[in-house]
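Just below is one structure, and these are the notes that go with it.
Numbering (full-length UniProt numbering), first residue to last: 1 to 107.
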């Protein structure tokens, strides 16, 4: 793996060599991490969205079909928690490109 090669370069004197490879190694590691974050987000966002939407549908259905007041309040509370979590995830996902651009010096 490239990561292990770069890590080995830094641990075996990459920072102390007069050739000055440390900035290139750190830049390459940052690019690899950025690629992994991109792939992770493109795979995980649809999965998280499906889970949240299915939880919203299930709790809404259970709340509407329940006649017991205690169960309805439980389903209502669970539905609120799922909706708040969905909003938090959406805000976090929307802020990730802004943070990465800020770190990369684009903003």
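From the three backbone atoms N, C-alpha and C, an ideal C-beta is built for every residue, glycine too.
The model shown is predicted, which means the values in this text are computed figures rather than measured ones.
message = Buried or exposed, going by whether 16 or more other CB atoms sit within 10 Å of the CB of residue 59?
response = Working through the chain shown from its first residue, we reach residue 59 at position 59. Residue 59 should be labelled buried.
query = Can you give the beta carbon distance from residue 56 to residue 79, rounded, assuming they're within the 8 angstroms contact cut?
reply = Numbered from its first residue, the chain shown carries residue 56 at position 56. Numbered from its first residue, the chain shown carries residue 79 at position 79. So it is a contact: roughly 7 angstroms between Cβ atoms.
ask   = Closest Cβ-Cβ distance between residue 102 and chain B: below 8 angstroms?
value = This model lacks chain B altogether; it includes just one protein chain.
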